[in-house]
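There are 2 protein chains.
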Amino acid sequence: MTTRIEPRSGIAFTLDAGDILTVYDPEGGQVSDLVAYDRDDPREVISNGRTFDLEETIHLTAGNRLWSNRSNPMLAITEDTAGLHDFLLTPCSVDTFKHFYPDKPVHRGCFGNLAAALEPYGIEADSIPTAFNIFMNVPVGQNGKIEVLPPTTKPGDYIRFEALKPLIIGVTACSAYASNGGSFKPIDFQIDSGR
Amino acid sequence: MTTRIEPRSGIAFTLDAGDILTVYDPEGGQVSDLVAYDRDDPREVISNGRTFDLEETIHLTAGNRLWSNRSNPMLAITEDTAGLHDFLLTPCSVDTFKHFYPDKPVHRGCFGNLAAALEPYGIEADSIPTAFNIFMNVPVGQNGKIEVLPPTTKPGDYIRFEALKPLIIGVTACSAYASNGGSFKPIDFQIDSGR
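Protein chains in written order, with full-length UniProt numbering: chain A, 1 to 195; chain B, 1 to 195.
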């Protein structure tokens with residue numbers, strides 16, 4: 001049973017250790033920003049820097065783990081039909097809409113959607129880290145220059161995670177024009193108990 | 001007048017808006033991890049993701065700014081004789097020493113040095129973000145693989161920042177073997193009032 005995240009929205013939920021979370025791109029070409037916090041102490045949060053350090057790559061896929069600011073593994077990527085994700089960029093927000101799309105209506109973006117979804121768990125907006133941006137296509141040029149290109153995902157592509165400890169998860173269907181090729185699409189996810 | 005940061009140690013201090021901070025590599029081949037917080041509300045902190053987003057590059061040098069998690073510019077890089085720094089990796093720590101150097105004595109690393117230096121400012125270890133790693137040489141391969149190579153700095157190379165708001169700064173002389181080519185060296189810095 002999958003749950004749908006409507007275009008330009010977000011949701012938060014908890015996982016037990018061992019639970020399996022699968023995030024689908026039902027139509028292809030969409031991005032989903034994911035953040036994860038320790039459920040018992042949300043000051044522990046996924047960290048792109050610790051993950052890059054310990055996985056020795058910025059390209060995370062099946063076989064890699066996402067690590068926390070306390071150097072604990074939070075999520076293992078167990079399957080990945082997409083193979084291309086980003087862990088460099090922060091969620092789109094009111095400020096990034098004003099900066100990158102000055103002629104478009106301002107949207108609270110994935111940042112605002114995550115902040116609203118995480119508030120009931122006592123997590124402040126300031127505690128939203130660089131997200132793991134599922135399906136996001138951000139090539140790094142030889143000179144370090146980065147671009148945001150449309151995702152290469154096809155309908156039904158997915159990434160599967162195993163929770164390595166009890167977690168609070170925030171996840172979105174991305175709101176920005178560039179990251180999804182100019183259209184806004186839903187994201188589906190499914191949780192399977194590890195027990 | 002420069003101040004010396006002894007090998008494998010760290011320090012914290014405040015800057016006023018407009019102050020100029022210069023960080024020198026006096027011997028060449030050394031790394032210095034820098035973090036910055038808003039002085040009035042340290043929940044605002046430098047963010048590699050916001051910086052990559054808004055500067056559209058992972059290679060930061062003169063002309064670039066370091067941005068906060070609230071999308072405000074914190075520091076402008078005004079001069080840079082080194083030209084090569086890293087904003088991908090987190091400070092070395094007890095955990096990274098155990099992971100990368102299992103046969104060497106464990107050291108609290110830049111992370112522990114920053115945590116101790118920032119504690120009097122009410123900043124917890126959990127609030128230490130991915131640091132701006134001055135002079136650190138971390139090439140990203142085409143497949144996303146990252147390496148930590150010795151810095152290319154020569155004695156006297158420096159980077160100069162202008163504080164764009166009142167800040168708390170933490171800065172180290174790096175403690176890890178790989179990042180400085182296996183030796184431990186000091187770092188010098190100087191603060192010039194912007195007034």
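All residues carry an ideal CB built from backbone N, CA and C; glycine is no exception.
Since the structure is predicted, the reported quantities are computational estimates derived from the model, not experimental observations.
Check: In whole angstroms, what separates the C-alpha of Y158/A from that of E124/B?
Finding: About 37 Å.
Margin query: Please classify Q142/B as buried or exposed, where buried requires at least 16 other C-beta atoms within 10 Å of its C-beta.
Written below: exposed
Margin query: Am I right that F135/B and V31/B are in contact with their C-beta atoms under 8 Å? What's the rounded C-beta distance?
Written below: Correct: roughly 5 Å between the Cβ atoms.
Notebook entry, point to check: Do you know how far the Cα of R4/A is from the Cα of D188/A?
Noted result: Roughly 4 Å separates the two Cα atoms.
Item checked: Member of P155/A, P42/A, V138/A whose CA lies at the smallest distance from the CA of M74/A -> That would be P42/A, whose Cα lies nearest to the Cα of M74/A.
Checklist line | Residues from the stretch 50-64 of chain B in contact with chain A, defined by Cβ distance under 7 Å | finding: R50, F52, D53, L54, E56, T57, I58, H59
Note to self: In the DSSP output, what is G145/A paired with across the bridge?
What the structure shows: Before going on, a small fix: residue 145/A reads as Lys here, not Gly. According to DSSP, which records beta bridges pairwise, K145/A is partnered with T57/B.
Note to self: Taking the beta carbon of K185/B as the centre, do at least 16 other beta carbons fall within 10 Å, making it buried, or is it exposed?
What the structure shows: buried
Item checked: Between the CA atoms of M1/A and F111/B - distance to the nearest angstrom -> Computed Cα separation, rounded: 43 Å.
Next item on the list: Can you grab the Cα-Cα spacing for the pair V35/A / G109/A, in whole Å?
Entry: If I take the Cα positions, the gap works out to 14 Å.
Checklist line | First through last residue of the beta strand (DSSP E) which encompasses G170/B | finding: 167-172
Notebook entry, point to check: Grouping DSSP H, G and I as helix and E and B as strand, with all else coil, what is A117/B?
Noted result: DSSP places A117/B in helix when its eight states are reduced to three.
Item checked: Contact set for R65/A: own chain, Cβ-Cβ below 6 Å, skip 5 residues either direction -> P73, A76
Margin query: The beta strand (DSSP E) that contains T78/A, what's its start and end?
Written below: 73-80
Check: Three-state secondary structure (DSSP) at R50/A?
Finding: Per DSSP, reduced to three states, the secondary structure at R50/A is helical.
Notebook entry, point to check: Can you give the Cα-Cα distance for S175/A and S127/A, rounded to whole angstroms?
Noted result: 20 Å
Note to self: Taking CB distances under 8 Å as the criterion, tell me whether V140/B reaches chain A.
What the structure shows: yes
Note to self: Is there a Cβ of chain B sitting closer than 8 Å to that of A81/A, yes or no?
What the structure shows: In the sequence as presented, Ala is not what sits at residue 81/A; that position holds Thr. Residue-level contact by beta carbon fails for T81/A and chain B, as no gap is shorter than 8 Å.
Note to self: On the DSSP bridge list, what partners appear for Q190/A?
What the structure shows: T22/A
Notebook entry, point to check: Are I20/A and G170/A close, meaning C-beta to C-beta below 8 Å?
Noted result: no
Margin query: In whole angstroms, give me the CA-to-CA distance for R70/A and K98/B.
Written below: About 14 Å.
Margin query: If we define contact as Cβ-Cβ less than 8 Å, is G144/B a contact residue for chain A?
Written below: Chain A, which has a Cβ nearer than 8 Å to the Cβ of G144/B, makes this yes.
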